[in-house]
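Residue numbers (the working numbering): 1 to 102. In this text, a Cβ means the ideal position worked out from N, Cα and C, and glycines have one as well. None of the values given here were measured: they were computed from a predicted structure.
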Amino acid sequence: MWIHVIMGPMFFFLALLCIAAGIDYIGFPGTEAINTVMTGGKLGAPPAIVFNKRTGYAFPFFPHAVAHFSKLLSGKIGLDKGHELYDNNGQMIEGTGGGEKH
1 MWIHVIMGPM FFFLALLCIA AGIDYIGFPG TEAINTVMTG GKLGAPPAIV FNKRTGYAFP
61 FFPHAVAHFS KLLSGKIGLD KGHELYDNNG QMIEGTGGGE KH
């Protein structure tokens with residue numbers, strides 16, 4: 001199962017990068033085409049992948065993506081004011097609101 005979940009997508013992404021780099025080496029816009037697909041064709045959008053023949057790849061989207069994933073994985077629940085959070089015993093968890101229990 002791990003082949004289908006991890007190795008397959010990773011192989012596809014790395015193969016795509018290698019093909020784009022090869023296309024860039026022969027003078028055609030390989031990484032530019034990938035950036036167009038990744039940004040949905042938006043003009044003026046910052047590139048997600050940058051390839052330089054001397055230095056290789058750079059991924060300027062990565063720090064931005066890590067910030068969003070860390071918010072998802074932080075385990076914090078944002079509650080609106082007036083809502084509270086209760087544990088399994090029906091006790092309100094301290095600091096989670098001040099409204100009435102429904």
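- In the DSSP annotation of this structure, the continuous segment of the beta strand (DSSP E) that includes N52 starts and ends at 50-52.
- Within the DSSP bridge table, the entry for Y57 names F51 as partners.
- Scanning I26, I34, V5 for the CA closest to the CA of A15 turns up I34.
- Taking P46 as reference, the option from V37, G56, K71 with the minimal CA-CA separation is V37.
- The secondary-structure analysis by DSSP pairs M92 across a beta bridge with Y86.
- In chain order, T31, I34, N35, Y57, F59 place their CB closer than 7 Å to the CB of I49, counting only its own chain and leaving out the 5 sequence neighbours on each side.
- Around the CB of A67, fewer than 16 other CB atoms lie within 10 Å, so the residue is classed as exposed.
- Per DSSP, H4 is not a residue of any alpha helix (DSSP H), being assigned neither H nor E.
- Rounded to the nearest whole angstrom, the CA to CA distance from H4 to I26 is 32 Å.
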